[in-house]
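Trainee: Protein chains in written order, with our numbering: chain A, 16 to 271; chain B, 86 to 333. For glycine and all other residues, C-beta sits at the position ideal for the given N, C-alpha and C.
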Amino acid sequence: MGLATRIIPCLDVTAGRVVKGVNFVGLRDAGDPIEIAKRYDAQGADELTFLDITASSDGRDTMVHVVEQVAAQVFIPLTVGGGVRTIADVRRLLNAGADKVSINTAAVENPAFVAEAAARFGSQCIVVAVDARRVDSEGGSGWEVYTHGGRRATGIDALAWGRRMEAAGAGEILLTSMDRDGTRQGFDLDLTRAFSDALDVPIIASGGVGGLEHLADGVQFGRADAVLAASIFHYGEHTVGEAKRHMASRGIEVRL
Amino acid sequence: MQMGSTGMRIAVVDYGMGNLRSVAKALEHVAPAARVVVTDDPKELARAERVVFPGQGAMPDCIRELESRGLRAAVLEAAARKPFLGICIGLQMLFERSEEGDVAGLAVFAGNVVRFPHERMVSPDGRKLKVPHMGWNKVHQVRPHPLWRGIEQDSRFYFVHSYFVAPVDASLTAGTTDYPTPFTSAVSAANIFAVQFHPEKSHVAGLRLLSNFVAWDGLSDGGDVSLDAGVSPEGQVLPRAATDVNQP
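#1: Report yes or no: do the segment 170 to 183 of chain A and the segment 175 to 185 of chain B share at least 3 C-beta pairs separated by less than 8 Å?
#2: For residue 270 of chain A, go through chain B and note every residue whose CB falls closer than 7 Å to its CB, in chain order.
#3: Beta-carbon within less than 6 Å of residue 171 of chain B's beta-carbon, same chain only, minus the 5 sequence neighbours each way: which residues are those?
#4: Which partner residues does residue 29 of chain A have in the DSSP bridge list?
#5: Residues of chain A with a CB under 9 Å from the CB of residue 260 of chain B: which are they?
#6: Please report the distance separating the alpha-carbon of residue 247 of chain A from that of residue 253 of chain A.
#7: For residue 140 of chain A, which residues in chain B fall below 9 Å Cβ to Cβ?
#8: For chain B, check one thing: does any of its Cβ atoms lie closer than 8 Å to the Cβ of residue 27 of chain A?
#9: List the residues of chain B that residue 274 of chain A touches, going by C-beta distances under 7 Å, in chain order.
#10: Have a look at residue 186 of chain B and residue 270 of chain B and give me their C-alpha separation to the nearest angstrom.
#11: Taking residue 132 of chain A as the reference, which of B:169, B:229, B:102, B:197 has the closest Cα?
#12: Counting only Cβ pairs nearer than 7 Å, list the residues of chain B close to residue 116 of chain A.
#13: Residues in the same chain with beta-carbon distance under 6 Å from residue 223 of chain B, minus the five sequence neighbours each way, listed in chain order, please.
#14: By the 9 Å beta-carbon criterion, what residues does the segment 50 to 72 of chain A contribute toward chain B?
#15: Can you tell me which of the three DSSP states residue 258 of chain A falls into?
#16: Against chain A, does residue 99 of chain B count as a neighbour if the rule is that its beta carbon must be under 8 Å from one of theirs?
#17: Please give the ranges of any alpha helix (DSSP H) in the segment 106 to 149 of chain B, keeping only runs that are unbroken, at least 4 residues long and fully inside the region.
#18: Which residues in the same chain have their Cβ closer than 8 Å to the Cβ of residue 210 of chain B, if we skip the five residues on either side of it in sequence?
#19: Alpha carbon to alpha carbon, what distance is there between residue 229 of chain A and residue 203 of chain A?
#20: If residue 110 of chain B sits next to residue 112 of chain A, beta carbons under 8 Å apart, how far is it from one beta carbon to the other, in whole angstroms?
#21: Please report the residue range of the beta strand (DSSP E) in which residue 192 of chain A lies.
#22: Decide if the segment 84 to 96 of chain A is in contact with the segment 120 to 128 of chain A; the criterion is three or more beta carbon pairs, one per stretch, under 8 Å apart.
#23: Counting C-beta neighbours from all protein chains within 10 Å, is the total for residue 243 of chain B 16 or more, i.e. buried, or is it exposed?
#24: With 16 other CB atoms within 10 Å as the buried threshold, where does residue 181 of chain A fall?
#25: Is it buried or exposed, residue 95 of chain B, if we count other Cβ atoms within 10 angstroms and call 16 or more buried?
#26: Considering only their Cβ atoms, is the gap separating residue 78 of chain A from residue 61 of chain A smaller than 8 Å?
#27: Put residue 266 of chain B into one of helix, strand or coil per three-state DSSP.
#28: Express the C-alpha separation of residue 154 of chain A and residue 83 of chain A in angstroms, rounding to a whole number.
#29: Would you identify the three-state DSSP class for residue 96 of chain B, choosing helix, strand or coil?
#30: For a contact meaning CB atoms closer than 9 Å, what does residue 17 of chain A contact in chain B?
#31: What are the start and end residues of the beta strand (DSSP E) that includes residue 96 of chain A?
#32: Just how far apart, CA to CA, sit residue 64 of chain A and residue 122 of chain B?
#33: Can you tell me the Cα-Cα spacing of residue 252 of chain B and residue 251 of chain A, whole angstroms?
#34: In the DSSP assignment, what residue or residues form a beta bridge with residue 252 of chain B?
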């Protein structure tokens, strides 16, 4: 008995409202971030992740305000990502009450940014988000890094990138399969396992959860250290408590 | 509401490392009548009735920032006489030396800060255990203490760290956690209680510990609680105290 596998509801936020897209297109409004955060907290969420999917700087100011309000009422770890591009962005979110920030596109554009942020604030608060898509390539891991919400290919091998980000000081990897995101077919378990076996830092599996069995599969077959999901929780299909009970029934240690 | 905390000054030591807002917000939540000050002013630390010593990031940076802000003496002074709560690196800095950057600590306690040994990071069922140790793990209360009051034995708290303390004096250990072998996750001695986990991020159990800290006079140690509250000699189960935390 020991460390519990974390279940992390993810809230995509734009203009102060939670939304969840299907393959990042066709957004639906699922409500107020503070109320949702409190609901997940009461259900036993181990952590919460907020992804700011607005591009504008106005939207990011709104996000800081959301984080401040959530952090004053919800006493579990909060991760905030989306549009984190500068040391000042990191500092502002941490000061607002975020425990970790998630860096995605900015890491690809400037890998030194991750090292600088980790050196400045500590690896414990730097999550690197890797959006990966399966590719047919000779000699690579079989997955490529995508940026800009999965729209832009980078030509970078995903697993090599994960190793590089770990070396740069990432304390955790938020790994999203762009092939599975929004499909409800389950995590890309091969991708998750490849990362978890190759890296020493925790891997959060993301993208594709359509049922509780997918969460447990991510841990048992993908060897994920934490699992992240959005839509199965947002629309009341399942509570976090149900997810934990399901995982416990499969022999996975959870915080009940 | 916490009784007896009206107007109490609780200082959170700010030396420029990490998220102190969470600690302050959690303290304000459990002690709304207290005055929580996030400060790098030694005079504020001297004035406070309770001192919280948090810490995030790397210990060499924390020690350097503490020194550069002239806070070492004020922190040591507080640790010598006031109810004092160390959190994460704030626990580690109380020891003599850390493997992280081979840096000297404040040496309040004898012992070093060591890294999880890479070769032993395998679970009983053969899974690789990641470092940092990140997430919710159980804290085993090895003896009673006022700060454990109302917290169930083996409750889970939120951890994120790669190093842990190894006290020379085993009697300092107030709590242990397995990852995969047991390490000291809480220490106490006289007016000091210090934890490797983050009570400010540990939901009900963490808020309860902070509430207990606000209520603690820093004098009574585990032995008194054992007699007063009728805890079993092993200190396995602590009764719920009369005052309750405001639940979120």
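Mentor: Reading from the atomic positions:
#1: Between the segment 170 to 183 of chain A and the segment 175 to 185 of chain B, the count of Cβ pairs shorter than 8 Å is below three; the stretches do not touch.
#2: Under the 7 Å cutoff, chain B gives 221, 241.
#3: Excluding positions up to five away in sequence, the list reads 138, 179, 279.
#4: Residue pairing by DSSP places residue 29 of chain A opposite A:32 in a beta bridge.
#5: Under the 9 Å cutoff, chain A gives no residues; its nearest Cβ is about 14 Å from residue 260 of chain B.
#6: Cα-Cα distance, rounded: 6 Å.
#7: Among the residues of chain B, those whose CB is under 9 Å from the CB of residue 140 of chain A are 103, 104, 141, 142, 245, following chain order.
#8: Output row for residue 27 of chain A: interface = no.
#9: For residue 274 of chain A there is no data in the structure shown, the boundaries of chain A being 16 and 271.
#10: Between residue 186 of chain B and residue 270 of chain B, the C-alpha separation is close to 21 Å.
#11: Measuring from the Cα of residue 132 of chain A, the nearest candidate turns out to be B:102.
#12: Here the premise fails: no neighbours, minimum Cβ distance about 10 Å.
#13: Annotation for residue 223 of chain B: 239, 241 place their beta carbon closer than 6 Å to its own, counting only its chain and skipping 5 residues before and after.
#14: Only 53, 56, 57, 59, 61, 62 from the segment 50 to 72 of chain A bring a Cβ to less than 9 Å from some Cβ of chain B.
#15: It is helical.
#16: So, not an interface residue.
#17: Correct list: 106 to 115, 127 to 132.
#18: Closer than 8 Å at Cβ, skipping near neighbours: no residue.
#19: Cα atoms of residue 203 of chain A and residue 229 of chain A: separation of roughly 10 Å, rounded to the nearest angstrom.
#20: Between residue 112 of chain A and residue 110 of chain B the Cβ distance is about 7 Å, and since that is below 8 Å, they are a contact.
#21: 187 to 192 is the span of the beta strand (DSSP E), which, as asked, contains residue 192 of chain A.
#22: They do not touch, by the three-pair rule.
#23: By the 10 Å Cβ count, residue 243 of chain B comes out buried.
#24: It is buried - the Cβ of residue 181 of chain A has at least 16 other Cβ atoms within 10 Å.
#25: Counting every other CB atom within 10 Å of its CB across the protein chains shown gives residue 95 of chain B a total of 16 or more, marking it as buried.
#26: No; because the gap between Cβ atoms is not below 8 Å, this pair is not in contact.
#27: Coil at residue 266 of chain B, not helix or strand.
#28: Roughly 46 Å between the two C-alpha positions.
#29: If DSSP states are grouped into helix, strand and coil, residue 96 of chain B belongs with the strands.
#30: Within chain B, the C-beta atoms nearer than 9 Å to that of residue 17 of chain A come from 208, 209, 214, 222, 223, 262, 263, 264, 265, in chain order.
#31: Note, residue 96 of chain A: beta strand (DSSP E), 93 to 96.
#32: Distance between the alpha carbons of residue 64 of chain A and residue 122 of chain B is about 28 Å.
#33: If I take the Cα positions, the gap works out to 48 Å.
#34: Answer is B:196.
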